[in-house]
Amino acid sequence: MFLRSVVLFAVLVLTAQASGCPGDFDDNRQVDFADFLALAGAYGSQQGEAGYDAVMDLDTNGSIDMADFLAFAKLFGQLCVAELTRLTNNETIELHPTWSPPDGGKIAFLSGFEDPELWVMYADGGESLRLATSIAVDSELYTTLAWSPDGEHIAFSSVRDGNSEIYRVGANGDGLTRLTNNDAEDIYPSWSPDGARIAFSSNQDGNFEIYVTRPEGSDLTRLTNSTVQDLFPVWSPDSKKIAYTSIGVDSNQSKFAVISVVDVVSATVTQLTADSEGSVLPAWSPDGTRITFWSRRDNARTNYGDMYVMNADGSEVTRLTYQDIWDDLWVDAAWSPDGTQVVYSAEGDGPLHVMNADGTDVKRLTNRENAEYFPAWSPDGGKVAFLSSPETTFDIYVVEVPSE
Numbered sequence: 011m012f013l014r015s016v017v018l019f020a021v022l023v024l025t026a027q028a029s030g031c032p033g034d035f036d037d038n039r040q041v042d043f044a045d046f047l048a049l050a051g052a053y054g055s056q057q058g059e060a061g062y063d064a065v066m067d068l069d070t071n072g073s074i075d076m077a078d079f080l081a082f083a084k085l086f087g088q089l090c091v092a093e094l095t096r097l098t099n100n101e102t103i104e105l106h107p108t109w110s111p112p113d114g115g116k117i118a119f120l121s122g123f124e125d126p127e128l129w130v131m132y133a134d135g136g137e138s139l140r141l142a143t144s145i146a147v148d149s150e151l152y153t154t155l156a157w158s159p160d161g162e163h164i165a166f167s168s169v170r171d172g173n174s175e176i177y178r179v180g181a182n183g184d185g186l187t188r189l190t191n192n193d194a195e196d197i198y199p200s201w202s203p204d205g206a207r208i209a210f211s212s213n214q215d216g217n218f219e220i221y222v223t224r225p226e227g228s229d230l231t232r233l234t235n236s237t238v239q240d241l242f243p244v245w246s247p248d249s250k251k252i253a254y255t256s257i258g259v260d261s262n263q264s265k266f267a268v269i270s271v272v273d274v275v276s277a278t279v280t281q282l283t284a285d286s287e288g289s290v291l292p293a294w295s296p297d298g299t300r301i302t303f304w305s306r307r308d309n310a311r312t313n314y315g316d317m318y319v320m321n322a323d324g325s326e327v328t329r330l331t332y333q334d335i336w337d338d339l340w341v342d343a344a345w346s347p348d349g350t351q352v353v354y355s356a357e358g359d360g361p362l363h364v365m366n367a368d369g370t371d372v373k374r375l376t377n378r379e380n381a382e383y384f385p386a387w388s389p390d391g392g393k394v395a396f397l398s399s400p401e402t403t404f405d406i407y408v409v410e411v412p413s414e
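Numbering of the sequence shown is given in the numbering used here, commencing with residue 11 and proceeding in unit increments.
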C-alpha cells in the first residue's frame, strides 16, 4: 500500500509543471518529504519517461539513481527561492529603486550617501545615466522618486538651490525644471496616475501640509491645513484622493502617527486610523479599494509594529504579519500589479517575503540573511527590485517572483 501511494504521488507530480528549483518537485517552494516521495517514485527511471523525469535527474547522468538521492539530501529542508540578479556593484549606497511605467524597461535610483545623485538604468542592469545631483533625503535616508505615468519624466526633491525644492527631469536627462520656488522644504513628490498633478509635502506655511501642482509647476494648491506634520502623499489609482501620514504630539506630549485621506477636489480630510495606533506608510491596492499600512496597534513595544490592510474608508482592518517588526521608514511593502499579493521587508532587517493580499500563503522570496529593503514590483508583476547589503554598501538586486 505504501509503495502504491508513493507511485501514485509520483505520477501526480510528474505530470505537473516542472519546478524551477532543484529538488522542489511539487512546486511548494520547500524541499520536503513530499518531494522525497516523488523522487522515490521515480527511482530508476530514465529521462523522458512521464515527461518530467529529467527534473529529478539531479546529477544529469540520464537516470534517477543513488547519486540523485545524495544530491537531494543536500537540498532537503531548504526553502526554494529564485535566483537574484545584482544590478549595481558600486562602493557606495544605492537607494529607492523605482520601475519606469508603463513597461518597466528602466529603473530610477539614488546613488551616494553624502550627496545623493539621481540615476536611471535599464532594468537588465545595462547602461546607466546620471540625471541630477544633490537629491534631498531625510534623516532615515528616505525620499521618493516619482515617474510620470508615461515614463518620460521623473519628479524628485533636490537641495541644489540651498533648500529642498521639487524638480522634474526627462528620463533621458533633458529638461531639468524647478517646480517649486520658496524658502521652505518641499519633499516627497508623488505623480498622479492620470499624469495631471504632482503631490508633495511642504512646510511653507509653518508645518508640513499636502500640496499639489501641475507637472510644469503651475496651479499650486494646498489640500491640508492641520497643526501636525502631513507627509508621504500617495495617490489613489483613480487620482481622486491622496493617502498620507500625519505625525504630531498630543496633549500629553506623546508622539502619534495616523493615516488620513484627502479628497483632491473638495480638500475634505478623512482620518482612517486612531491616534494611539501609530500607523504609517499607506499603500493603495491597484483597484483602490484597500490600503496596506504599518501600525503598532497590537504591540506593547513603542517602536515595533506589523503590516495591516484595511478598506479604503478605514473599515475592516486585518492584521497581515505577526513578526514584531520595527516600524521605521526602512520597512516598506508593495502591492503586486494585479492586487493579489504583497511583498514586504520581513523581520525589520531581514529577507523579503511575499503573501496573498489577505495575509495567507506567506512565502520567503529571498534566501539570505542580509538586510533587504524598499521592494518595488515591476509593472508586469514578474520581478521585484530591492536593496540588499552584501558587504558594507547597499546595492540594487532583482528577484523573479515564482509563478504559482
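Backbone N, C-alpha and C define an ideal beta-carbon position, used for all residues, glycine too.
Taking the alpha carbon of residue i as the reference point, which residue from the options has its own alpha carbon closest?
{"i": "residue 122", "options": "144, 131 and 108", "result": "144"}
{"i": "residue 50", "options": "78, 39, 32 and 70", "result": "78"}
{"i": "residue 73", "options": "409, 270, 54 and 89", "result": "54"}
{"i": "residue 203", "options": "80, 68, 41 and 298", "result": "298"}
{"i": "residue 201", "options": "187, 185 and 224", "result": "224"}
{"i": "residue 222", "options": "216, 247 and 190", "result": "190"}
{"i": "residue 228", "options": "250, 178 and 234", "result": "178"}
{"i": "residue 271", "options": "280, 264, 413 and 263", "result": "280"}
{"i": "residue 155", "options": "173, 171, 169 and 117", "result": "117"}
{"i": "residue 151", "options": "354, 206 and 383", "result": "383"}
{"i": "residue 110", "options": "352, 134 and 321", "result": "134"}
{"i": "residue 240", "options": "67, 114 and 220", "result": "220"}
{"i": "residue 373", "options": "354, 387, 187 and 218", "result": "354"}
{"i": "residue 230", "options": "176, 263, 331 and 360", "result": "176"}
{"i": "residue 217", "options": "282, 236, 208 and 199", "result": "236"}
{"i": "residue 187", "options": "171, 242 and 226", "result": "226"}
{"i": "residue 367", "options": "148, 394 and 320", "result": "320"}
{"i": "residue 274", "options": "172, 208 and 112", "result": "208"}
{"i": "residue 330", "options": "395, 322, 261 and 371", "result": "371"}
{"i": "residue 103", "options": "125, 82, 69 and 83", "result": "125"}
{"i": "residue 108", "options": "83, 153 and 173", "result": "153"}
{"i": "residue 260", "options": "242, 300, 43 and 238", "result": "238"}
Just to confirm the assignment, what range does the alpha helix (DSSP H) spanning residue i have?
{"i": "residue 82", "result": "76 to 85"}
{"i": "residue 47", "result": "43 to 51"}
Pop quiz: residue i and residue j are said to be a contact at Cβ under 8 Å. What is the actual Cβ separation, rounded to whole angstroms?
{"i": "residue 267", "j": "residue 257", "result": "5 Å"}
{"i": "residue 4", "j": "residue 306", "result": "Nothing about residue 4 can be read from this structure; the chain reaches only from 11 to 414."}
{"i": "residue 120", "j": "residue 105", "result": "4 Å"}
{"i": "residue 197", "j": "residue 167", "result": "5 Å"}
{"i": "residue 180", "j": "residue 163", "result": "6 Å"}
{"i": "residue 349", "j": "residue 296", "result": "4 Å"}
{"i": "residue 277", "j": "residue 233", "result": "5 Å"}
{"i": "residue 362", "j": "residue 376", "result": "5 Å"}
{"i": "residue 249", "j": "residue 206", "result": "7 Å"}
{"i": "residue 130", "j": "residue 146", "result": "Going by Cβ atoms, the distance from residue 130 to residue 146 rounds to 18 Å, so no, they are not a contact pair."}
Once the 5 residues before and after residue i are set aside, which same chain residues still bring their CB inside 6 Å of it?
{"i": "residue 59", "result": "Low confidence applies here, because residue 59 scores a pLDDT of 46, under 50, leaving its location unreliable; read the following figure in that light. Taken in chain order, the list of residues that qualify is empty."}
{"i": "residue 315", "result": "304, 305, 306, 309 and 337"}
{"i": "residue 284", "result": "none"}
{"i": "residue 286", "result": "none"}
{"i": "residue 61", "result": "With a pLDDT of only 43 at residue 61, under 50, the local geometry of the prediction cannot be trusted, and the value read off the model is given with reservation. Nothing listed; no residue qualifies."}
{"i": "residue 127", "result": "121, 140 and 143"}
{"i": "residue 327", "result": "318 and 320"}
Would you mind reading off the limits of the beta strand (DSSP E) that contains residue i?
{"i": "residue 96", "result": "94 to 96"}
{"i": "residue 316", "result": "314 to 321"}
{"i": "residue 254", "result": "251 to 259"}
{"i": "residue 176", "result": "175 to 180"}
{"i": "residue 305", "result": "300 to 305"}
{"i": "residue 326", "result": "No beta strand (DSSP E) contains residue 326, which DSSP labels as neither H nor E."}
{"i": "residue 362", "result": "362 to 366"}
{"i": "residue 269", "result": "265 to 273"}
{"i": "residue 223", "result": "219 to 223"}
{"i": "residue 117", "result": "116 to 121"}
{"i": "residue 280", "result": "279 to 281"}
{"i": "residue 410", "result": "405 to 410"}
{"i": "residue 167", "result": "163 to 168"}
With a CB to CB cut of under 7 Å and the five nearest residues on each side skipped, what residues in its chain are close to residue i?
{"i": "residue 399", "result": "380 and 381"}
{"i": "residue 392", "result": "410 and 411"}
{"i": "residue 96", "result": "405 and 407"}
{"i": "residue 85", "result": "32, 33 and 41"}
{"i": "residue 114", "result": "133, 388, 389 and 390"}
{"i": "residue 45", "result": "33, 34, 35 and 36"}
{"i": "residue 87", "result": "41"}
{"i": "residue 185", "result": "179"}
Return the chain-ordered list of same chain residues with a C-beta closer than 8 Å to the C-beta of residue i, the five sequence neighbours on each side being excluded.
{"i": "residue 67", "result": "57, 73, 74 and 78"}
{"i": "residue 100", "result": "121, 403 and 405"}
{"i": "residue 343", "result": "291, 293, 302, 304, 317, 352, 353, 354, 355 and 385"}
{"i": "residue 345", "result": "293, 294, 295, 296, 302, 351, 352, 367 and 387"}
{"i": "residue 160", "result": "111, 112 and 205"}
Between residue i and chain B, is the shortest Cβ-Cβ distance under 7 Å, so that the two count as touching?
{"i": "residue 256", "result": "Absent here is chain B; the protein component of the structure consists of one chain."}
Check whether the segment 127 to 139 and the segment 84 to 92 are in contact - that is, three or more C-beta pairs closer than 8 Å. no
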